[in-house]
Amino acid sequence: MSVLSKNPNPSWSHSSSTVEKEKKASDSTISLPSPTVERFSSKEHLNTSQTKPHISTQMALVVICGQPCSGKSTAAVCLDGALKDSESKLTVRVIDEASFHLDRNQCYANMTEEKMLRGVLRSEVDRSVSKDSIIIVDSLNSIKGYRYELWCLARAAGIRYCVLFCDVEESHCRTWNEQRSENGEASYDDKIFEDLVRRFEKPDRRNRWDSPLFELWPFRDGIEKSSAAISDAVSYLTKKADSKTRDIKILQPTIATKSARFSEANSLYEMDRATQEIINAIVEAQSQAVGGPVNGISLGQGLAPINISKSVGLPELRRLRRTFIKLTGQTSLSGPPPPSDSDSAKRMFVDYLNRELGSA
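In structure tokens:
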């Protein structure tokens, strides 16, 4: 920019002295660094704002599966240590039967006990998965349908997911189980062991819920923190990913998944509120009857009256309420979801109370 445009004296002409020309050159030179610094600062800020949102967290769900006595717990310990030794310094948690002080033979004694075990582990995983920790599920995880359920939890949380498979022949697993029994260590009864081996469903990397799949061969290679499969898993779990990364897959929750979680939370809220209203109505009716039996407590249009043949204390009513909510939750695991509106929850609870407390 010309100095003339800034000078308050308009009488200066192009015949100015050499000193004045040098002064112009000096002034022009001094004015250049300022816009240059501004351009660099703006560019740096732009790059930072564009890059940050694409960098993902290294949080994940790791499912360890394999035959009984195939080295899964050892693999979980090694993976846990390798992740904690990595530069990322991640928070890692292992979820297994021992976390709940459960006996393996009792948990797999029959299909009912095994289903309850899977429900306990799944619920704990559902509560634990987040974007600030890595969860390792150390269990048989032998049923592909169950691995799919765990994969759905990871997808709903929007985190990474992988499977670590301990591939050992049945004969070696059987030998290791016998050795553990002889040494007084936790082992499977022969009948339970054979049943679990027969029903094991090997993971297949072509399935979404079994991919990516990292395979260990404990009998052939042993299990160390430096094992190839564990090193590959650690690399996959700790590598930073952005929009251009192709070898790292971060599961994305779908609209259906988000809606299901919201619906479940809404159902529990409505169930809790509706049952409490019924309890309050019973307590108030009994107080008006001076502790005597109450029949035909009206709860409003569309709801059956509550028929109680004897006086029921508040502790007993609270126990029945807790049992009803628990039973409803267990039923929803294999059937329709719990009611999402207050009236439906009240009708179900009234029917339950009439069966439990009403006269035969």
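The numbering of the sequence shown is this note's numbering, which starts it at 418 and goes up by one.
Built from N, CA and C at the ideal position, the CB exists for glycine as well.
Item, Value
"Ignoring anything shorter than 3 residues or poking outside the segment 538-569, list the beta strand (DSSP E) runs there in chain order.", "551-555"
"Within the 8 Å Cβ cut-off, does Trp626 reach chain D?", "You won't find chain D in this structure, because it holds only one protein chain."
"Output the boundary residues of the beta strand (DSSP E) element that contains Tyr578.", "Arg577 to Cys583"
"Can you tell me whether Asp555 is buried or exposed? The criterion is at least 16 other CB atoms within 10 Å of its CB, across all chains shown.", "buried"
"For my contact list, Ser759 and Thr655 are in at a C-beta cut-off of 8 Å; report their separation, rounded to the angstrom.", "Actually they do not touch by this definition, with Cβ atoms about 47 Å apart."
"Could you name the residues of the same chain whose beta carbon sits closer than 7 Å to that of Leu538, not counting the 5 residues immediately before and after it, in chain order?", "Ile512, Val554 and Ser556"
"Can you tell me whether Phe636 is helix, strand or coil according to DSSP?", "helix"
"How would you label Thr508, buried or exposed, when you count the other beta carbons within 10 angstroms and need 16 or more for buried?", "exposed"
"If I follow the unbroken alpha helix (DSSP H) through Gly483, where does it start and stop?", "Premise fails: Gly483 lies in the beta strand (DSSP E), Ala477 to Gly483, not in any alpha helix (DSSP H)."
"How is Asp513 classed by DSSP in three states: helix, strand or coil?", "strand"
"Given Ser598, which residues of its chain have a CB within under 6 Å of its CB, disregarding the five upstream and five downstream residues?", "Ser604"
"Quick check on Gln484: buried or exposed, where buried means 16 or more other Cβ atoms within 10 Å of its Cβ?", "buried"
"Can you name, in chain order, every residue of its own chain whose Cβ lies under 7 Å from the Cβ of Asp606, other than the five neighbours on each side?", "Asn522"
"Within 10 angstroms of its Cβ, does Ala762 collect 16 or more other Cβ (buried), or is it exposed?", "buried"
"Taking C-beta to C-beta, are Asp689 and Glu632 nearer than 8 Å?", "no"
"Check for me: the alpha helix (DSSP H) holding Gln596 runs from which residue to which?", "Glu587 to Glu599"
"Output yes or no for whether 8 Å exceeds the beta carbon distance between Ala499 and Val651.", "yes"
"Quick one: residues in its chain with C-beta nearer than 8 Å to the C-beta of Glu773, no 5 flanking neighbours on either side, listed in chain order?", "Leu737"
"If we ignore side chains and look at the alpha-carbon of each, how far apart do Ala526 and Ile609 end up?", "7 Å"
"Just how far apart, CA to CA, sit Cys579 and Trp568?", "9 Å"
"By Cβ distance below 6 Å, which residues in the same chain neighbour Ala493 in space, the five residues on each side in sequence not counted?", "Ile481, Val511, Ile553 and Asp555"
"Rounded to the nearest angstrom, what separates Pro620 and Arg735 at their Cα positions?", "45 Å"
"In terms of alpha-carbon separation, which member of Lys489, Gly601 and Lys727 lies closest to Glu641?", "Lys489"
"DSSP has Phe631 in a bridge; who is on the other side?", "Leu581"
"Which residues bound the alpha helix (DSSP H) around Ala493?", "Lys489 to Asp502"
"Roughly how many angstroms lie between the CA atoms of Asn697 and Ala574, to the nearest whole one?", "37 Å"
"Mind checking Asp627: buried by the 16 CB within 10 Å criterion, or exposed?", "buried"
"Could you work out which residue in Asn624, Ser487 and Leu496 is closest to Tyr653 when comparing CA atoms only?", "Leu496"
"According to DSSP, is Ile665 part of a helix, a strand, or is it coil?", "coil"
"Which residue from Pro722, Met528, Lys743 and Arg739 puts its Cα closest to that of Leu612?", "With the sequence shown as reference, residue 612 is identified as Asp, and Leu is not the correct amino acid for it. Measuring from the Cα of Asp612, the nearest candidate turns out to be Met528."
"Take Arg625 and list the residues in its own chain whose beta-carbon comes closer than 7 Å to its own, dropping the five residues that flank it on each side.", "Trp568"
"Assign Ile725 to one of three DSSP states: helix, strand, or coil.", "coil"
"Out of curiosity, what's the CA-to-CA distance linking Arg739 and Leu731?", "12 Å"
"Determine the extent of the alpha helix (DSSP H) in which Phe610 is found, giving its start and end residues.", "Asp607 to Arg616"
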